[in-house]
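Report on the structure given below.
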Amino acid sequence: MANKITSRSENYSEWYNDLVKAADLAEHSSVRGCMVIKPYGYAIWEKMQAQLDKMFKETGHQNAYFPLLIPKSFLSKEAQHVDGFAKECAVVTHHRLKNSPDGKGVIVDPEAKLEEELIIRPTSETIIWNTYRDWIQSYRDLPLLINQWANVMRWELRTRLFLRTAEFLWQEGHTAHATAEEAIAETKQMLEVYATFAEEFMAIPVIKGVKSENERFAGALDTYCIEAMMQDGKALQAGTSHFLGQNFAKAFDVMFSTKENKQEYVWATSWGVSTRLMGALVMTHSDDDGLVLPPALAPIQVVMVPIYKTDEEYDLIVGKLNDLASALKIAGVTVKVDSDRQKKPGWKFAEWELKGVPVRIALGPRDLEQGNIEMARRDTKEKASLPIEGIVDKIAREVLPSIQSNLHQRALEMRNSRTYRADTYAEFKEILEQKGGFILAHWDGTPETEQKIKEETKATIRCIPLDSPSESGTCIYTGKPSERRVLFAEAY
RNA sequence: CGGGGUGUAGCGCAGCCCGGUAGCGCGCUUCGUUCGGGACGAAGAGGUCGUAGGUUCGAAUCCUGCCACCCCGACCA
Numbered sequence: 001m002a003n004k005i006t007s008r009s010e011n012y013s014e015w016y017n018d019l020v021k022a023a024d025l026a027e028h029s030s031v032r033g034c035m036v037i038k039p040y041g042y043a044i045w046e047k048m049q050a051q052l053d054k055m056f057k058e059t060g061h062q063n064a065y066f067p068l069l070i071p072k073s074f075l076s077k078e079a080q081h082v083d084g085f086a087k088e089c090a091v092v093t094h095h096r097l098k099n100s101p102d103g104k105g106v107i108v109d110p111e112a113k114l115e116e117e118l119i120i121r122p123t124s125e126t127i128i129w130n131t132y133r134d135w136i137q138s139y140r141d142l143p144l145l146i147n148q149w150a151n152v153m154r155w156e157l158r159t160r161l162f163l164r165t166a167e168f169l170w171q172e173g174h175t176a177h178a179t180a181e182e183a184i185a186e187t188k189q190m191l192e193v194y195a196t197f198a199e200e201f202m203a204i205p206v207i208k209g210v211k212s213e214n215e216r217f218a219g220a221l222d223t224y225c226i227e228a229m230m231q232d233g234k235a236l237q238a239g240t241s242h243f244l245g246q247n248f249a250k251a252f253d254v255m256f257s258t259k260e261n262k263q264e265y266v267w268a269t270s271w272g273v274s275t276r277l278m279g280a281l282v283m284t285h286s287d288d289d290g291l292v293l294p295p296a297l298a299p300i301q302v303v304m305v306p307i308y309k310t311d312e313e314y315d316l317i318v319g320k321l322n323d324l325a326s327a328l329k330i331a332g333v334t335v336k337v338d339s340d341r342q343k344k345p346g347w348k349f350a351e352w353e354l355k356g357v358p359v360r361i362a363l364g365p366r367d368l369e370q371g372n373i374e375m376a377r378r379d380t381k382e383k384a385s386l387p388i389e390g391i392v393d394k395i396a397r398e399v400l401p402s403i404q405s406n407l408h409q410r411a412l413e414m415r416n417s418r419t420y421r422a423d424t425y426a427e428f429k430e431i432l433e434q435k436g437g438f439i440l441a442h443w444d445g446t447p448e449t450e451q452k453i454k455e456e457t458k459a460t461i462r463c464i465p466l467d468s469p470s471e472s473g474t475c476i477y478t479g480k481p482s483e484r485r486v487l488f489a490e491a492y
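Sequential numbering from 1 applies to the first sequence in this note's numbering.
Laid out in structure tokens, this is it:
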């Protein structure tokens, strides 16, 4: 094996790092905490972007772009917001370099100090709401539905490829509305968009819910989220949608005239998903042999490997594969014919498995004689010899959709088998220590109790699931009354 | 921010304890043979040993400072 991957059972975290590098998704850069997203990884991100962008536009949003740099004073206008982000901001203080006196390299020119420092955006609420003040005068300007694809920077003390990097790529939607009801509806709508995207395209089952006060976005009245379970039983927040109330409108003085010509503050939402979704994709489906990609997001859905000995055979077989590839492309399938003559078939099989290509086709003289072709599925590792006749249709209509739904099903079963109900604190702790996973339990609704549980067990409330039925019970920690179970887990 | 680790060829590492002018595997280049699960042979190319200073006739190796990155923990809207 050229690229050896630590097995999941041996060390899940090492497996993840090995896999991200071996599958050529990303690598560490020479900048602390910042990664280089490699072409294959970026291609997956582009597929995600394309789909999400389409869904945003279908729900009436437009893209725009705001500055990377935010004046320091903006950040402090919303008190909770600055509290949440102050500790992880990169700050621009100067605008010029000059040759150092000793002639070795350059230094920051002390004379080029900025009047006001600029913050590299950790998120764009402040710069955007400062801009919205000029864009919104009347109820006729509302709703304002904007999305931005951008990079942001949060000076994280501990980083991990895709899951938590100092700089990451994301989209952030920022909308403005005339009423609270409309803003709340928008918040929920975007949560649905994220959930649909996760389930149908990423094949990741998610739990929709509301964050507790402790976990809420800094400056939001409510944070809605989707939570997914990774293979090690830990939770990963896969997307958030915030109802911001009038907090930012008040901080940035964004008012509009109603039909009755009264001045009112605007209601806001923001919502985002990031390259962290790449980490979720890896940790939901992949195995010890490498990446496993859902067809909907695979940059290459079908790879074809020719088997041959002579030049004549090579020409014949690659020609045949090219024909099949053309037919598949017409059927809407993305294909690569791996016609590299330097690499042997065995090498290619291993390589494309590592990269998670959903379907692999191999064609050799033996198959050709019998009118057959070998097809292998990445999800189940099944290999089958099938008639060439009808193979295009079978792959496009049957196999790829089947892989997509199988991955989702498998992930759902994994999650279900590791979701528990706990009625006592002892039970709760035992599940966390011995099994890990999601725990549905009663909670008294106070931040203090949540904090205590977190300190003692590392588990936090991932969300209050939207679909959790009301059920009276008592808090596992304090014994106080509770009306519904909430979702606890250790989180990434 | 606390603890640990690592910086030597594109990548992964050995050499350091015990100082003598740098080596292995993969990859790369050329040629030939191979090709149904990570082929083989031959010939090549490639290194300011993180950095600054010190000790010494001589430093990748010993000493001191600095820098960077990684891992574990705390933190993480």
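Even glycine gets a Cβ: it sits at the ideal position worked out from N, Cα and C.
Owing to the predicted nature of the structure, the values given are computational and were not obtained by experimental measurement.
Taking the Cβ atoms as the reference, E111 lies roughly 18 Å from V91, outside the contact range of under 8 Å.
According to the DSSP secondary-structure assignment, M255 is paired through a beta bridge with Y265. Exposure of N151 is indicated by the presence of fewer than 16 other C-beta atoms within 10 angstroms of its C-beta. The alpha-carbon separation between V273 and Y224 amounts to approximately 12 Å. DSSP places N151 in the strand class (E or B) of the three-state scheme. Rounded to the nearest whole angstrom, the CA to CA distance from E264 to I146 is 21 Å.
For L487, the enclosing beta strand (DSSP E) begins and ends at R485 to A489.
Within the stretch 50-134, the complete alpha helix (DSSP H) segments of 4 residues or longer fall at 72-75 and 79-85, listed in chain order. With 16 or more other Cβ atoms inside 10 Å of its own Cβ, L281 counts as buried. Sorting K355, Y308, T258 and W267 by C-alpha distance to the C-alpha of P299 places K355 at the top. Taken in chain order, the complete alpha helix (DSSP H) segments of 4 or more residues contained in the stretch 349-429 are 365-370, 391-394 and 400-417. In the structure shown, the three-state DSSP call for A220 is coil. Looking at the backbone, the Cα of V302 and that of S385 are separated by about 16 Å. Restricting attention to C463, L68 and T474, the CA atom closest to the CA of V486 is found in C463.
Here P205 is not near R418, since their CB atoms are 7 Å or more apart. Note on geometry: alpha-carbon atoms of T310 and E200 lie some 44 Å from one another.
Taking the Cα of A178 as reference, the smallest distance to any Cα among A249, L169 and W170 is reached at A249.
Within the same chain, and ignoring the five residues on either side of E186 in sequence, the residues whose Cβ sits closer than 6 Å to its Cβ are T175 and T269. Following the DSSP letters along the chain, one finds K454 inside the alpha helix (DSSP H) bounded by residues P447 to T457. The beta carbons of Q409 and A296 sit no closer together than 7 Å. The Cβ-Cβ distance between G479 and H442 does not fall below 7 Å. The residues I5 and T6, in chain order, have a CB closer than 6 Å to that of D18 in the same chain once the five nearest residues on each side in sequence are set aside. Following the DSSP letters along the chain, one finds T187 inside the alpha helix (DSSP H) bounded by residues A180 to T196. The C-alpha of L25 lies about 14 Å from the C-alpha of L169.
Between H94 and V82, the C-beta spacing is not below 7 Å. Counting only runs that start and end inside the stretch 254-333, the beta strand (DSSP E) elements of at least 3 residues fall at 255-257, 263-265, 267-274 and 302-306. Around the CB of Y65, fewer than 16 other CB atoms lie within 10 Å, so the residue is classed as exposed. For T240, the beta-bridge partners assigned by DSSP are C225 and G272. DSSP lists no beta-bridge partner residue for Q246.
In this structure, the straight-line span from the alpha carbon of Q80 to that of L221 is close to 11 Å. Taking L69 as the centre and dropping the five residues before and after it, the same chain places the C-beta of V92, L118, I119, I120 and R121 closer than 8 Å to its C-beta, in chain order. For the pair A203 and T334, the Cα-to-Cα distance works out to about 19 Å. Excluding residues up to 5 positions away in sequence, F252, D253 and V254 lie with their Cβ nearer than 7 Å to the Cβ of R133 in the same chain. The beta-carbon distance between W155 and L144, rounded to whole angstroms, is 31 Å. This is too long to meet the 8 Å contact definition. Within the same chain, R276, G279 and Y492 come within 7 Å of L163 by CB-CB distance, once the 5 residues on both sides are set aside.
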